[in-house]
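S.K.: Please see the structure below; I have some questions.
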Amino acid sequence: MSGLIVVGLQWGDEGKGKVVDLLAKEAAHIVRAQGGNNAGHTIKVEGQEFAFHLIPSGILYPHTQCYIGGGTVIDPESLLQEIEGLKARGINIKGRLHLSAHAHLIFPFHKRIDFLNEQKLAIGTTKKGIGPCYTDRSARIGVRVGELINGEKLKKRLKEVLVIKNLELKNLFGDEEVLFDEIYPQYLAYGASLKEYVSDVEGRLASVIKKGEKTLFEGAHGTLLDLTFGTYPYVTSSSCLASGVAAGAGIGPTSIGHTIGVVKAYTTRVGNGLFPTEFSLEEQGRFLDHKTAREIGTTTGRKRRVGWFDAPLVKYTAALNGADSLALTKLDILDSLPQIKICTGYQAGNKKGESASAFMFDLENVHPIYEEYPGWMKSTKEIQTLGDLPTLARRYIDRLEELCQLPFSLISFGPEREKTLVLKEDFFA
Ligand code: IMP
Numbered sequence: 005m006s007g008l009i010v011v012g013l014q015w016g017d018e019g020k021g022k023v024v025d026l027l028a029k030e031a032a033h034i035v036r037a038q039g040g041n042n043a044g045h046t047i048k049v050e051g052q053e054f055a056f057h058l059i060p061s062g063i064l065y066p067h068t069q070c071y072i073g074g075g076t077v078i079d080p081e082s083l084l085q086e087i088e089g090l091k092a093r094g095i096n097i098k099g100r101l102h103l104s105a106h107a108h109l110i111f112p113f114h115k116r117i118d119f120l121n122e123q124k125l126a127i128g129t130t131k132k133g134i135g136p137c138y139t140d141r142s143a144r145i146g147v148r149v150g151e152l153i154n155g156e157k158l159k160k161r162l163k164e165v166l167v168i169k170n171l172e173l174k175n176l177f178g179d180e181e182v183l184f185d186e187i188y189p190q191y192l193a194y195g196a197s198l199k200e201y202v203s204d205v206e207g208r209l210a211s212v213i214k215k216g217e218k219t220l221f222e223g224a225h226g227t228l229l230d231l232t233f234g235t236y237p238y239v240t241s242s243s244c245l246a247s248g249v250a251a252g253a254g255i256g257p258t259s260i261g262h263t264i265g266v267v268k269a270y271t272t273r274v275g276n277g278l279f280p281t282e283f284s285l286e287e288q289g290r291f292l293d294h295k296t297a298r299e300i301g302t303t304t305g306r307k308r309r310v311g312w313f314d315a316p317l318v319k320y321t322a323a324l325n326g327a328d329s330l331a332l333t334k335l336d337i338l339d340s341l342p343q344i345k346i347c348t349g350y351q352a353g354n355k356k357g358e359s360a361s362a363f364m365f366d367l368e369n370v371h372p373i374y375e376e377y378p379g380w381m382k383s384t385k386e387i388q389t390l391g392d393l394p395t396l397a398r399r400y401i402d403r404l405e406e407l408c409q410l411p412f413s414l415i416s417f418g419p420e421r422e423k424t425l426v427l428k429e430d431f432f433a
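Shown next as structure tokens:
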């Protein structure tokens with residue numbers, strides 16, 4: 005089985021981008037399969053920063069083939085900007101980027117409805133139109149990439165859909181109707197520009213997987229934002245689990261040999277919703293500022309909320325994904341903290357437990373049970389082997405492994421590719 009899936013085990017922003025970037029070096033094919041341009045990560049290569057939202061970051065390696073699967077939602081304007089941005093920096097995309105015809109399209113009215121919903125719901129969405137687009141997909145009033153690239157089909161479909169969307173905009177929100185004559189020419193032009201990238205992604209993937217070629221699937225967001233099992237309703241609208249990634253790519257679970265769950269050495273979340281181990285104001289004051297800690301969102305520029313490592317949540321999410329190993333990121337951000345806490349269990353009333361699984365409907369009443377450790381107070385930036393780690397940092401990592409009951413296959417301590425310890429030999433074996 006040549007498939008490897010990378011998923012986030014917290015609320016997104018775990019550093020999956022860097023992990024995927026490293027593993028992409030060994031991969032022939034890289035697939036993004038769910039979500040849209042609500043995701044974002046930054047990759048630092050040879051001093052240059054690249055921000056990605058939809059295109060797999062593995063595109064930076066010239067040998068890879070990259071795919072955007074049928075489970076994604078596409079804002080064509082944003083995707084074209086990403087394509088043009090990469091081209092402008094000399095990255096050759098021609099013949100290397102494959103977009104599934106099954107992916108659904110985000111229209112300006114989806115963004116408008118996202119904005120209008122937010123006035124009432126205050127989920128803290130990215131306002132990229134993701135939820136409304138997936139809503140239309142489920143209601144069977146979506147428009148797909150396969151229609152975008154065919155003028156007549158696009159015209160017919162858009163006309164049908166706009167009747168319903170305009171009733172919704174006018175009657176539900178008291179908003180202005182959207183005009184076919186404004187949207188159609190714009191999307192026709194997007195279709196013409198994207199056409200060269202659209203292909204039979206599902207057929208291609210079936211073939212390369214059958215041949216045993218190394219294929220990397222990158223999950224977007226994080227398991228706690230999963231539509232079904234996350235901290236609902238403060239979640240995104242796609243399935244962020246390994247199984248959701250497989251479903252979005254159009255492959256079977258039997259094609260996956262290894263699943264890596266990425267965790268930050270502490271916890272962050274953007275947007276609203278419960279966060280049991282969130283820092284108190286005093287703890288936040290002792291932590292690095294958001295800019296130094298690189299805790300400002302790539303997609304929306306929002307400051308992330310920060311808290312201690314929450315082992316019960318990771319135990320829960322690792323199980324939901326069937327994770328085989330963990331990748332630990334941003335260890336260096338804890339380098340200057342004199343005291344570090346780990347949440348080892350939850351208590352709610354007289355209920356106690358070590359996995360969040362049984363507490364998901366009681367999260368507002370949960371009291372985290374903490375262990376406190378002295379910080380290592382030394383830079384981890386220059387380490388080359390596990391043996392170079394300060395003793396207290398090693399103790400912290402060992403304790404996380406023990407609590408999560410999974411081995412670390414990779415440890416990262418800086419944004420650069422070389423600031424990584426790779427602890428597993430062949431991820432695709
Ligand atoms: P939406 O995905 O824009 O609908 O936003 C729903 C929730 O998911 C909000 O709390 C967002 O901040 C959060 N979210 C969506 N994508 C990401 C991501 O890639 N990283 C972190 N949070 C995300």
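Numbering of the sequence shown is given in the numbering used here, commencing with residue 5 and proceeding in unit increments. Don't be surprised by glycine CBs; every beta carbon is placed ideally from N, CA and C.
(1) Could you say if the stretch 179–190 and the stretch 83–90 meet the contact criterion of at least three C-beta pairs nearer than 8 Å?
(2) Mind checking whether the beta-carbon of His225 lies closer than 7 Å to any heavy atom of ligand 1?
(3) Can you give the Cα-Cα distance for Lys356 and Glu405, rounded to whole angstroms?
(4) Need the endpoints of the beta strand (DSSP E) that Pro66 sits in, please.
(5) Check whether the Cβ of Thr333 sits closer than 7 Å to any heavy atom of ligand 1, and report yes or no.
(6) Quick one: using the 10 Å Cβ neighbour count with 16 as the cut-off for buried, is His67 buried or exposed?
(7) For Asn96, count neighbouring Cβ atoms within 10 angstroms of its own Cβ and tell me buried if that reaches 16, exposed if not.
(8) Is Tyr238 near ligand 1, with its Cβ less than 7 Å from a heavy atom?
(9) Among Phe113, Asn41 and Leu26, which residue has its Cα nearest to the Cα of Ile47?
(10) Can you tell me whether DSSP reads Cys244 as helix, strand or coil?
(11) By how many angstroms is the C-alpha of Asp79 removed from the C-alpha of Leu158?
(12) Just curious, the beta strand (DSSP E) that Ala352 is in, first and last residue?
(13) With 16 as the cutoff for other CB atoms within 10 Å, does Val274 come out buried or exposed?
(14) Roughly how many angstroms lie between the CA atoms of Ser61 and Gly39, to the nearest whole one?
(15) Expressed to the nearest angstrom, what Euclidean distance is found between the alpha-carbon atoms of Arg144 and Ile415?
(16) With hydrogens ignored, establish whether the beta-carbon of Trp15 is closer than 7 Å to any heavy atom of ligand 1.
(17) Kindly confirm or deny that the stretch 173–183 and the stretch 115–122 touch, where touching means at least three C-beta pairs closer than 8 Å.
(18) What alpha helix (DSSP H) runs, 4 residues minimum, are completely inside the stretch 135–183?
(19) With a 10 Å radius around its C-beta and 16 neighbouring C-beta atoms as the bar for buried, classify Pro342 as buried or exposed.
(20) State the beta-bridge partners of Gly4 as determined by DSSP.
(21) Please work out which residues of its chain come closer than 6 Å, Cβ to Cβ, to Pro280, disregarding the five sequence neighbours upstream and downstream, and give them in chain order.
(22) Under 6 Å Cβ to Cβ from Tyr194, same chain only, skipping five residues before and after it: list those, please.
(23) Measuring only the C-alpha atoms, how far is Ile63 from Lys199?
(24) Candidates Arg141, Trp15, Glu18 and Gly133: which alpha carbon is nearest Ser74's?
(25) Ligand 1 heavy atoms versus the CB of Lys132: any closer than 7 Å?
M.R.: From the atom records:
(1) no
(2) Counting from 1 along the sequence shown, the entry for residue 225 is found at position 221. For ligand 1, at least one heavy atom lies less than 7 Å from the Cβ of His225.
(3) Residue numbering aside, residue 356 sits at position 352 when the sequence shown is read from its first letter. Residue numbering aside, residue 405 sits at position 401 when the sequence shown is read from its first letter. Roughly 21 Å separates the two Cα atoms.
(4) By 1-based counting over the sequence shown, the position of residue 66 is 62. Careful: Pro66 lies outside any beta strand (DSSP E) and carries neither H nor E.
(5) By 1-based counting over the sequence shown, the position of residue 333 is 329. The answer is no for Thr333.
(6) Mapped onto the sequence shown, residue 67 falls at position 63. His67 should be labelled exposed.
(7) Position 92 of the sequence shown, counted from the first residue, corresponds to residue 96. Looking at its Cβ environment, which holds fewer than 16 other Cβ atoms inside 10 Å, Asn96 is exposed.
(8) Numbered from its first residue, the sequence shown carries residue 238 at position 234. Yes, the beta carbon of Tyr238 sits closer than 7 Å to at least one heavy atom of ligand 1.
(9) The residue given as residue 47 occupies position 43 in the sequence shown. Selected option, being the one with the closest Cα: Leu26.
(10) As a working note, residue 244 is residue 240 in the sequence shown. Of the three classes helix, strand and coil, the one that applies to Cys244 here is coil, per DSSP.
(11) The residue labelled residue 158 in the question sits at position 154 within the sequence shown. The residue labelled residue 79 in the question sits at position 75 within the sequence shown. Those two C-alpha atoms are separated by around 15 Å.
(12) Position 348 of the sequence shown, counted from the start, is the residue given in the question as residue 352. Per DSSP, Ala352 belongs to the beta strand (DSSP E) from Gln343 to Ala352.
(13) As a first step, residue 274 must be located in the sequence shown, where it is residue number 270. The residue in question, Val274, is buried, as its Cβ has 16 or more Cβ neighbours within 10 Å.
(14) Mapped onto the sequence shown, residue 61 falls at position 57. Mapped onto the sequence shown, residue 39 falls at position 35. Between Ser61 and Gly39, the C-alpha separation is close to 15 Å.
(15) Translated into the one-based positions of the sequence shown, residue 144 becomes position 140. Translated into the one-based positions of the sequence shown, residue 415 becomes position 411. Each residue's Cα considered, the two are about 43 Å apart.
(16) For the purposes of this step, residue 15 is taken as the residue at position 11 of the sequence shown. Yes, ligand 1 has a heavy atom inside 7 Å of this Cβ.
(17) yes
(18) 149–152 and 155–171
(19) Looking up residue 342 in the sequence shown gives position 338. So Pro342 counts as exposed.
(20) Absent from the structure is residue 4, since the part of the chain shown begins at 5 and ends at 433.
(21) Within the sequence shown, residue 280 is the residue found at index 276, counting from 1. Once the five neighbours on either side are set aside, the close Cβ partners of Pro280 are Val370 and Pro372.
(22) Along the sequence shown, one-based indexing puts residue 194 at 190. Cβ neighbours of Tyr194 beyond the five flanking positions: Pro80.
(23) Translated into the one-based positions of the sequence shown, residue 63 becomes position 59. Translated into the one-based positions of the sequence shown, residue 199 becomes position 195. Roughly 19 Å separates the two Cα atoms.
(24) Within the sequence shown, numbered from 1, the residue matching residue 74 stands at position 70. With the sequence shown as reference, residue 74 is identified as Gly, and Ser is not the correct amino acid for it. Residue Arg141 is the option with its Cα nearest to Gly74.
(25) Translated into positions along the sequence shown, residue 132 becomes position 128. For ligand 1, at least one heavy atom lies less than 7 Å from the Cβ of Lys132.
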